[in-house]
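A.B. asks:
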Amino acid sequence: MTSKAFKTRLKLVMKRMLCACASQQPGKILVVGVCGKPRLGAVRGNAFGNAFRKAAQKSRADYFYELFESSWIILDASAVNSFMIRLTENL
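First residue of the sequence shown: 1, per the numbering used here; consecutive thereafter.
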């Protein structure tokens, strides 16, 4: 496998997924971000997890993370759009 083919395949494996759904709390939305594990020896960690954290902090939302692969927050329904914009800006 060539280096270029390997990098292309790696990009396919490392896709991010973002899911939002209604929370049990009225007027709240649960947003979960999941991506692949960071590369072994990665100095800055998971880029998507870092972007998710920064967007959550700017949204002043409670931010939770589990291991390196997923992050989640609970937002007011009115704050979801601005969170998504901030997340996109941080990627």
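A virtual CB, placed ideally from N, CA and C, is assigned to each residue, including glycine.
1) May I ask you to list the residues that DSSP assigns as paired with residue 73?
2) May I have the straight-line CA-CA distance separating residue 22 from residue 72, to the nearest angstrom?
3) Tell me which same chain residues have a C-beta within less than 7 Å of the C-beta of residue 90, skipping the five on either side of it?
4) Would you tell me roughly how many angstroms separate the C-alpha atoms of residue 62 and residue 74, rounded to the nearest one?
5) Leaving out five residues on either side along the sequence, give the residues of the same chain with a beta carbon under 6 Å from the beta carbon of residue 77.
6) Tell me whether residue 82 is buried or exposed, calling it buried when 16 or more other Cβ atoms sit within 10 Å of its Cβ.
7) In the DSSP assignment, find the alpha helix (DSSP H) that holds residue 91 and state where it starts and stops.
8) Quick check: the Cα distance between residue 32 and residue 48, rounded to an integer number of angstroms?
9) Within the continuous alpha helix (DSSP H) that includes residue 55, where are the two ends?
C.D. replies: Working from what's here:
1) As a first step, residue 73 is located in the sequence shown; it is residue number 73 there, counting from the start. Residue 73 is bridged by DSSP to 31, 63.
2) On the sequence shown, position 22 is the one that residue 22 refers to. On the sequence shown, position 72 is the one that residue 72 refers to. Approximately 13 Å, taken between the alpha carbons.
3) Counting from 1 along the sequence shown, the entry for residue 90 is found at position 90. Hits under 7 Å: 51, 54, 55.
4) As a first step, residue 62 is located in the sequence shown; it is residue number 62 there, counting from the start. As a first step, residue 74 is located in the sequence shown; it is residue number 74 there, counting from the start. Residue 74 has its alpha-carbon roughly 6 Å from the corresponding atom of residue 62.
5) Stepping through the sequence shown from its first residue, residue 77 is reached at position 77. The residues are 27, 29.
6) In the sequence shown, the residue the question calls residue 82 occupies position 82. Counting Cβ neighbours within 10 Å, residue 82 comes out exposed, since fewer than 16 surround it.
7) In the sequence shown, residue 91 corresponds to position 91, counting from 1. It is not in any alpha helix (DSSP H) - residue 91 carries neither H nor E in the DSSP assignment.
8) Taking the sequence shown and counting its residues from 1, the one referred to as residue 32 is at position 32. Taking the sequence shown and counting its residues from 1, the one referred to as residue 48 is at position 48. Each residue's alpha carbon lies about 12 Å from the other.
9) Residue mapping note: residue 55 aligns to position 55 of the sequence shown, counting from 1. For residue 55, the enclosing alpha helix (DSSP H) stretches over residues 47-58.
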